[in-house]
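Each position in the sequence shown, counted from 1, maps to that position plus 28 in our numbering.
For glycine and all other residues, C-beta sits at the position ideal for the given N, C-alpha and C.
Shown next, in structure tokens, is the structure this report addresses.
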Amino acid sequence: MEIDTRSALSIVSWSTIKRLVPRVSKRQLDSYRVHLRDYQGNDIPVVGVGRFRIAFKDFSVLL
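Here it is in structure tokens:
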């Protein structure tokens with residue numbers, strides 16, 4: 029997983045979120061109406077949006 033802190037959005041798979049934040053449920057996410065597509069034009073389903081504190085060594089940020 030790679031996080032771009034200058035990006036407007038970070039896309040993370042649900043399985044990755046569950047691995048990093050095991051107690052999170054889809055009900056805790058806010059709905060977000062956006063239509064995303066990959067490079068081939070396939071739809072990317074959006075489960076929701078949430079803010080998470082990411083920490084690595086001495087660095088910590090709320091994304």
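Quickly, what does DSSP pair residue i with across the bridge? List them, please.
i	result
R90	What sits at residue 90 in the sequence shown is Leu, not Arg. In the DSSP output, where bridge partners are listed per residue, L90 has R81.
D71	R65
Note down the Cα distance separating residue i from residue j, rounded to an integer number of angstroms.
i	j	result
Q56	G78	8 Å
L48	Y67	27 Å
L37	L91	9 Å
I82	I45	11 Å
V75	R51	16 Å
At what residues does the alpha helix (DSSP H) containing residue i begin and finish?
i	result
L37	Looking at the DSSP string, L37 is not in any alpha helix (DSSP H), and its letter there is neither H nor E.
L57	No alpha helix (DSSP H) contains L57, which DSSP labels as neither H nor E.
Is there a Cβ of chain D sitting closer than 8 Å to that of residue i, yes or no?
i	result
F84	Looking at the structure shown, chain D is missing, and only one protein chain is on hand.
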